[in-house]
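Quick note: the sequence shown uses this note's numbering, first residue 16, plus one each step.
Note that the Cβ used here is the ideal one computed from N, Cα and C, for glycine as well.
Have a look at the structure below before the remarks.
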Amino acid sequence: MKHRLASLVVMLVLVASLSIGTVAPAAAAPDSPGEGTIYFPWVPNNASLAGIAGISGAITVQNVEPFPVKVTVKDAAGNELTSLTLNPRASQSWTAGELGIAEPGAGVVAVAAWADVAALERAGVCVEVASASPTRGTPNTVDGNVITGLAARPDYIRVTQGGLTFAEAHDYTWTYADGAVAIDWSPRGAEPAGTYTVTAYDCPTPRIAGVEKHTVGTTGVQTSADTAMVDGYTALPAADIADAGNGGALLDGQSRWIVPIAQTNAGWNTALVITNVSGKNTSVNATFYAAGGQGYAGPSVALLAGRMLKPGESVTVDLRQDAGFPEGEVGSVWVDATHAVVAAAFRMKPATGMMLTTVAQPRTGGAAATVTFGPLVFRDYNGWNTGINIANLSDRDNRVTVTYYNYAGNVVASDTVTIPARAMEYVYTPASENFGIGENQITAVRIAGTAPLAAAVDEVKYLGGQGQGHAMSYPAGQAQMGGASRTLDNGRVLYESQLALPLLQKGNAQTGSGDTSGINLFNPSGMAVTASVQFVDAAGVPVAPTTGADDGEAPLNLTLPAGAGATVYTLSLGEMPGGFRGAAVVGVLGGGTLVGVSNNVNYEVAGDGSAVYNLLRTDFTRFQAGLSVDATSATPTARGTYTLHVTALNAFGPIAGFPLECKVSAGPNAGAPAIQTTTDQNGRASCAITDTAASGSNHEDTVTVWADFNGNGVRDLTETTAVTLIWQPSGPTILTATPSTTTPTARQSVTLTITAVDGYGGPANGVAVTCAVTSGPNSGQSTGATIGADGQTTCAITDAKAAANNDTDTITVTADVDGDGTGETTSVTVTWQPSGVARLTVSPTSSSLAYTFWFNMTVTAVDAYGGPVSGVPVKCQITAGPNTGQWVNATTGANGSTTCSVKNYDNATYDNYVDTVTVTGDVDGDGTDETATATVTWLPGQSSINLSGQPSKYSNSVSVAFIVRDGYYQLIPDLPVTCEVIQGTNAGKTVTTTTSINGLAYCSFSGMTPSGTDVIVAKATIRGQERQSSWIYVYW
């Protein structure tokens, strides 16, 4: 590739020693990396928007790749409008009428697909994902399942035999289903004989870019004196639609957007257009948040609430006409939808014939601060000035610093605004405090917030003679990271990272009129970057001054140190023909970053003749990106460490400084922490894998090495490689059994701790163990267990038959530790010991019962070996508690057990409600009783207030007596009681009294009206609970 140096045709501005901080992640940018699908929110066709009529749009789609791409243009509902194959770097423009868009306009989507995937594979761009060597069967038949286990449909299948490559379609076709590829040899072409090779490839998505240009008076991207006004915008990449749907907590994929500015002030009006691109019915909401001045947020207004849009349908909201906004309003618009939508705000000033277009930017759910850049800011440059509109996307205050840099590399001005939650502010460059921005200056700007933000940069020219009344707007964006490049056999340059401009025009250099483009580039990083600027005509053919003698690509290579900027102005390119219309790509090379915009101006237009486009960020980090390991399998020794070496490569060679992850994804060591490492300058890295868990039955680890080449956080098929580690044994197997004691107590249990160590020196996890009594009084007893992760388990043997003359058991433990089908064994001997004393047991030893229930106990007599003793007289007696002295006798039966029961006889109180039952009996016949005890807690019932006798009436008085008991049925003395007539002639009369020593409360009512029927109740608070008697009826 030939390199050309910029001379007078390029104004190169180097801004040295510029410290501007870290570039924000690309995902938050309004011009996120391009993909195979781009979206035009609205392409007008003879539309009336915000007070200006007769607006018609045209779109331009560019293939930014060095390979041919098929582009299909669809309406927003998915219906195809047109399609064509674009040569490498080629572009095509269509008017709304040429696309068949009905008035007043519609959303448009452009989708790209490779036109010749084989060309990508030959260029080494695609990534091999699988390969197989099947044997050819009967001629003209299908070889099924030649490759299996694929996670997704491959992009390309190559079939070879020796040095011969078979031609798809001519020699064979292929199909994919359920993870498998089949080769159909029925076409008329050649077939292999015997074994052949089938290779599956994954290829990157083709990159396209697009812009829209709308006009009044003429149609198309070329304007003239017959054109009344012009504006345009950059198409949205698919990444923006994905970002808009990547909401925060409690959200479920809703599409969320922000239009940083909408206005009805200073004679401007705004028409908001929202288009449904989801393919389903969607509900749309739009809310206007007014700017209330520095530090304040104005009121909010719902522009749309639950508006249903069919697939492909658009809705327009005119702030003045539809929303009824008065003059003087300015703010931002937040758009929310249940499914994917896109939006744009068309701002018009009919009085001066000026148009501004602001495309909505995605609102993500992140809380990280935003840093964004404007590569072009005017301060009274030939009458041009700049206003920056900043919307706070956070629900908290956002302190935003706007910093301006002049061509000398100095900070020349800085504004700081605190923007309330969901509010917006605008910073007008001429009004900024001036530390060095003089008139006729072009600068760059950095916009940094303490929370997420979105910004739109407005460029306006109100005064200045020729071409007065121009306006254009672009979204502040983030910079494209630099990458590598290589020259292909077709003379094209393959860029890993690049910027794209689909519409580049040059006017008349003599008159200064005609559509003319300028490209402004800015490197906001702390490292140098090279901008390789390549111009091509609409057919994709390189044009001067960026074409070589062989018509190959020969870009202008502009090296921009840290903080540098460059401007390329087509009117200054003498070799480029006047009236030129084509496109440009800008390769971004090196460790720095680049952001760019392009002004497109024709001062010959009667009114506003200006538009501005972001250079769309595109990267191709997956161009043949892959991982290579020194060995795909190894046989290290168990409990040792194996060092794995891996190299990261892409189409441009080793990838230095790239993060990698090594993780045991399957096998005994799965679950160990992943190892994070970074490739060195040669693209190599190492991971040390240590075995801690291999065993005889589980000793094969799969180590997955992952590099997130496309930055999506997902372990894609082409981003991983695997290494198999088969850990080798390091010693013999070991089986041991240790009893908790060799002299356990009879009728109790002895616990054996079993330890199994496999040949790997580790626990024999999962091995089945049998513990069996092979001789002794308990012979035949058996139990099983499984070795745990720590290499141990336990089993318990319980004595049931030991006696004085037969008290020793042999316990044999069997386990197939080495997995050879023959169990290893070990044995232990235990001698059962008498318990030493006969004893009584009682069950339960404690209970809680209602105070009216019986407490039933099972009493068991056990001899010194734990066996049952029958015929033992036992006495169960309450020895402490409210029912002390109560007793009952019983005798043990053949199983050594009997029952006895005691009861609470209204003796329990709140102060004395626990009985202790002592059980006695002479189990061993030595004349001294063995004892056991149990306790019973008597639980109270409900306290009560009940009528005592019938009411006593006399003349106009009545007396009623109540008896009051607590939960233990005990009479309650000295308790305040209130009696109340709750119904009847005398309702509302009350009497308060106190219970007597025998719990009686007497309530006497006098002065009663003796007619009808009264209902009387008594109320009292008993142990913190409100209690009430039943109704007492008094019939007069």
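Alpha carbon of Asn572 to alpha carbon of Val548, nearest angstrom: Straight across, the Cα-Cα distance linking Asn572 with Val548 is about 6 Å.
Bridge partner(s) assigned by DSSP for Phe673: Bridge partners of Phe673: none, in fact.
8 Å Cβ cutoff met for Gly698 and Ala671: A contact, by the Cβ cut-off of 8 Å.
Helix, strand or coil at Asp410 [DSSP, three-state]: Of the three classes helix, strand and coil, the one that applies to Asp410 here is coil, per DSSP.
Cutoff 8 Å; reference Thr906; Cβ partners in own chain excluding five residues on either side: Here the set comprises Gly886, Val887, Pro888, Val889, Thr913.
Ala134, enclosing alpha helix (DSSP H) - first and last residue: First-last of the alpha helix (DSSP H) with Ala134: 132-137.
Whole-Å CB distance - Ala469 paired with Leu408, under 8 Å assumed: 6 Å between Cβ atoms; contact.
With 16 other Cβ atoms within 10 Å as the buried cut-off, status of Ala646: With fewer than 16 other Cβ atoms from the protein chains shown falling within 10 Å of its own Cβ, Ala646 counts as exposed.
Where Asp835 falls, given that 16 or more other Cβ within 10 Å makes a residue buried: By the neighbour-count rule (16 or more Cβ atoms within 10 Å), Asp835 is not buried but exposed.
Run of the beta strand (DSSP E) containing Ile960, from where it starts to where it stops: Taken as a continuous stretch (DSSP letters only), the beta strand (DSSP E) holding Ile960 covers 959-962.
Span of the beta strand (DSSP E) around Ile12: Examination of residue 12 is not possible in this model, given that the chain is present from 16 through 1051 alone.
Ala1035 and Gly956 closer than 8 Å at C-beta: Result no, Cβ atoms of Ala1035 and Gly956 do not sit closer than 8 Å.
Given Arg394 as reference, the closest of Ser861, Ala752, Tyr443 once Cα atoms are compared: Nearest C-alpha to Arg394: Tyr443.
Contact belief for Glu995 with Leu855 at Cβ below 8 Å, rounded distance in angstroms: Contact between Glu995 and Leu855 does not hold, since the beta-carbon distance rounds to 57 Å and is not under 8 Å.
Asp258, enclosing alpha helix (DSSP H) - first and last residue: Its alpha helix (DSSP H) spans residues 253-259.
Complete beta strand (DSSP E) runs within the region 954-994 (minimum length 3 residues, chain order): The qualifying runs are 959-962, 967-969, 972-980.
Selected residue, minimal CA-CA separation from Gly774, among Asn713, Val348, Pro883: Looking at the Cα atoms, Asn713 is the closest of the given residues.
At least 3 beta-carbon pairs within less than 8 Å: the region 423-434 vs the region 358-368: Counting C-beta pairs with one atom in each stretch, the region 423-434 and the region 358-368 have fewer than three that are closer than 8 Å, which means they do not touch.
Length of the line joining the Cα atoms of Gly791 and Thr825: Here the alpha carbons of Thr825 and Gly791 stand approximately 6 Å from one another.
Per-residue DSSP class, three states only, for Glu440: Glu440 falls in the strand class under three-state DSSP.
Cβ pair Asn78, Glu118 closer than 8 Å: In this structure, Glu118 does not lie closer than 8 Å to Asn78 by Cβ.
C-alpha gap between Asn1001 and Ser974, whole angstroms: Asn1001 and Ser974 have their C-alpha atoms some 14 Å from each other.
Sub-8 Å separation of Glu113 and Tyr216 beta-carbons: In this structure, Tyr216 does not lie closer than 8 Å to Glu113 by Cβ.
Sufficient close CB pairs (3 or more, under 8 Å) joining the region 1021-1028 to the region 975-991: Cβ pair count under 8 Å is below three, so no.
Given Gly668 as reference, the closest of Lys89, Val140, Asp504 once Cα atoms are compared: Answer by Cα proximity: Val140.
Other residues of its chain near Thr735: CB distance less than 6 Å, five sequence neighbours each side excluded: Leaving aside the five residues that flank Thr735 on each side, the residues in its chain whose CB is nearer than 6 Å to its CB run, in chain order, Thr719, Trp721.
Inter-stretch contact (C-beta, 8 Å, three-pair minimum) for the region 195-211 and the region 323-333: Counting C-beta pairs with one atom in each stretch, the region 195-211 and the region 323-333 have fewer than three that are closer than 8 Å, which means they do not touch.
Cβ distance (whole Å) where Val58 is taken to contact Ile70 below 8 Å: Going by Cβ atoms, the distance from Val58 to Ile70 rounds to 10 Å, so no, they are not a contact pair.
contact_flag[the region 550-561, the region 582-597] where n(CB pairs < 8 Å) is 3 or more: Contact between the region 550-561 and the region 582-597 is present, because at least three Cβ pairs lie under 8 Å.
Proximity of Pro744 and Val845 at Cβ, strictly below 8 Å: In this structure, Pro744 lies away from Val845, with their beta-carbon atoms at least 8 Å apart.
Complete beta strand (DSSP E) runs within the region 514-568 (minimum length 3 residues, chain order): Qualifying beta strand (DSSP E) stretches, in chain order: 531-537, 544-552.
Beta-carbon spacing of Ile812, Val784 below 8 Å: Inclusion of Ile812 and Val784 in the CB contact set at 8 Å is not warranted, their separation being larger than that value.
DSSP-derived helix/strand/coil call for Leu855: Note: Leu855 maps to strand in three-state DSSP.
Euclidean distance between Cα positions of Ala579 and Gly247: Their backbone Cα atoms lie some 27 Å apart in a straight line.
Run of the beta strand (DSSP E) containing Asn629, from where it starts to where it stops: Following the DSSP letters along the chain, one finds Asn629 inside the beta strand (DSSP E) bounded by residues 625-629.
Classification of Pro56 by the beta-carbon crowding that lies within 10 angstroms, buried from 16 upward: Pro56 should be labelled buried.
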